[in-house]
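Enquirer: Attaching a single structure in structure tokens format; questions to follow.
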Amino acid sequence: METATRPISERRVLVGMSGGVDSSLAAALLLEQGNDVVGCFLKNWSDTKDESGACAWRSERRDALAVAAKLGIPLVTVDAEEVYRAAVVEPLYAEYAAGRTPNPDVRCNEFVKFPALAAEAKRQGCAWIATGHYAQVRHPSRAGAEGESLLLQAADAEKDQTYFLCRLPQKLLAQTLFPIGHLTKPQVRDEARRRGLPTAEKEESMGICFVGKVALPDFLRQRIPDAPGEIVSVDSAVLGRHGGVHRFTVGQRHGLGISAKGGSASGGGGGEPWYVVATDPASRRVVVSRNEQDLFSDQMQVGGARWIAATPALPARLGVRIRHRQEIVAAEVTAVGDMLRVRFSTPVRAITSGQAAVFYDGDVCLGGGVIGG
């Protein structure tokens, strides 16, 4: 086990700085609260180029360095690309090739980002790590009480990122701070402007976690070969052909390659949109329907559940979210062997195998698993 290069200090915090406005303000707020702040930039991917042709991570790091210089704090760079490839990218390819739709951001937080920050915090003598995520955490220990740390939803419901943090182990959450979790996105920008932070007007990053501005189909095409198959209606009428089931996800309605007038799918008239309602990797079939109600279901199976604190007593009535920014829906959650059976109080749209299912008790994020196991 590695030892710290300096004694651990309760007032010393390592902040993950991505080069964006959220983590920039997080560092500024912690500094203003009297903490000894160390910035940390994670280099997880070096294959993506920006508009100038340079590696995208270099421009992100330049922005993080500019903020660190403005705040007068050091910035260390940690190369986590090897573990990122193994823990996020390779499983991403494997899941899509198998016809499932994974969530790389959840895996990145669980296996890469937070473990890497915690390891560097130890080397830097930091008792705490912090990020610019929109989430809140309650640490009983900081109030002199006993009990486990709890992950809470952010004040800004539209930006809440607990969905992506659902599989953080207690050991990591117990040393984590989310300095901007009580703010809305507009407030974050206003506070960054007021402090003159260089990233105050920077646009939000989109796409795969750490990979940058690359379209997912292009990213998948690098590794997953075409596997042509049929696009069929729910009543088995062949409507067209496709290049691979990995190019489709449940609920998709654009880029299907079939005309609005074609086919004989049940539940709608000509000219109405088609929706992907299922994919079958074994037969290489993509099943579509014009009836949007075919996308709704009131139950699902969840595997690999990981609880942040104590495992809840099941069966229990919990809130469940099946994708980021989707509303939390009440459901009866029951353990069936090593799986969880989830029965929703009202049908939900486009339950997608491979995505994260996240469980809540009020504002508390309890943990999450994988839809379909």
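Position in the sequence shown (from 1) plus 661 gives the number in my numbering.
Don't be surprised by glycine CBs; every beta carbon is placed ideally from N, CA and C.
Given the structure is predicted, the values throughout are model-derived calculations rather than measurements.
When the Cα of residue 1029 is compared with those of 942, 687, 962, 1009, which residue comes out closest?
Expert: When each option's Cα is compared against that of residue 1029, the closest is 962.
Enquirer: Which residue's Cα is closest to the Cα of residue 798: 1027, 1033, 1034?
Expert: With distances taken between Cα atoms, residue 798 lies closest to 1027.
Enquirer: Measure how close the beta-carbons of residue 677 and residue 684 come, nearest whole angstrom, since I'm counting them as under 8 angstroms.
Expert: Contact holds; Cβ gap of about 6 angstroms.
Enquirer: Kindly indicate which residue of 880, 783, 909, 877 has the alpha-carbon position closest to the one of residue 889.
Expert: Of the listed residues, the one whose Cα sits closest to residue 889 is 909.
Enquirer: For residue 1014, tell me which candidate among 1020, 1005, 1032 has the shortest Cα-Cα distance.
Expert: Checking every option, the nearest Cα to that of residue 1014 belongs to 1032.
Enquirer: What is the DSSP secondary structure of residue 692, counted as helix, strand or coil?
Expert: Helix, per DSSP.
Enquirer: With 16 other CB atoms within 10 Å as the buried threshold, where does residue 876 fall?
Expert: Exposed, by the Cβ-count rule.
Enquirer: Looking only at its chain, what residues have a beta carbon closer than 7 angstroms to the beta carbon of residue 773, apart from the 5 residues adjacent to it on each side?
Expert: Taken in chain order, the residues that qualify are 705, 741, 744, 745, 748, 749.
Enquirer: Once DSSP output is grouped into helix, strand and coil, what is the label at residue 789?
Expert: Residue 789: strand per DSSP, three-state reduction.
Enquirer: Less than 8 angstroms between C-beta atoms, sequence neighbours within five positions excluded: which residues of the same chain meet that for residue 914?
Expert: So the list reads 934, 935, 936, 937, once near-sequence residues are dropped.
Enquirer: So, does the segment 977–997 touch the segment 1005–1014, judging by three or more C-beta pairs under 8 angstroms?
Expert: Contact between the segment 977–997 and the segment 1005–1014 is present, because at least three Cβ pairs lie under 8 angstroms.
Enquirer: Three or more C-beta pairs under 8 angstroms: does that hold for the segment 775–791 against the segment 755–767?
Expert: Contact between the segment 775–791 and the segment 755–767 is absent, because fewer than three Cβ pairs lie under 8 angstroms.
Enquirer: With a threshold of 16 other CB atoms inside 10 Å of the CB of residue 712, please say whether the residue is buried or exposed.
Expert: Because residue 712 carries a pLDDT of 43, less than 50, the predicted location of this residue cannot be relied on, and no value is offered for it.
Enquirer: Between the segment 839–852 and the segment 786–796, do at least 3 Cβ pairs fall closer than 8 angstroms?
Expert: Result yes; three or more Cβ-Cβ pairs closer than 8 angstroms.
Enquirer: If you reduce the DSSP assignment to three classes, tell me which class residue 1007 lands in.
Expert: Looking at residue 1007 - three-state DSSP - the assignment turns out to be strand.
Enquirer: Taking only the alpha-carbon atoms, compute the straight-line gap between residue 1000 and residue 946 and give it to the nearest angstrom.
Expert: Roughly 27 angstroms between the two C-alpha positions.
Enquirer: Rounded to a whole number of angstroms, what is the C-alpha to C-alpha distance between residue 925 and residue 894?
Expert: Because the pLDDT at residue 925 is just 40, under 50, the model does not fix this residue reliably, and the point stays unresolved.
Enquirer: If contacts are defined as beta-carbon pairs under 8 angstroms, then residue 1002 and residue 912 qualify, I think. What distance do you get, rounded to the angstrom?
Expert: At roughly 22 angstroms, the Cβ-Cβ gap does not stay under 8 angstroms, so residue 1002 and residue 912 are not in contact.
Enquirer: Which term fits residue 972, buried or exposed, when burial requires 16 or more other beta carbons within 10 angstroms of its beta carbon?
Expert: By the neighbour-count rule (16 or more Cβ atoms within 10 Å), residue 972 is not buried but exposed.
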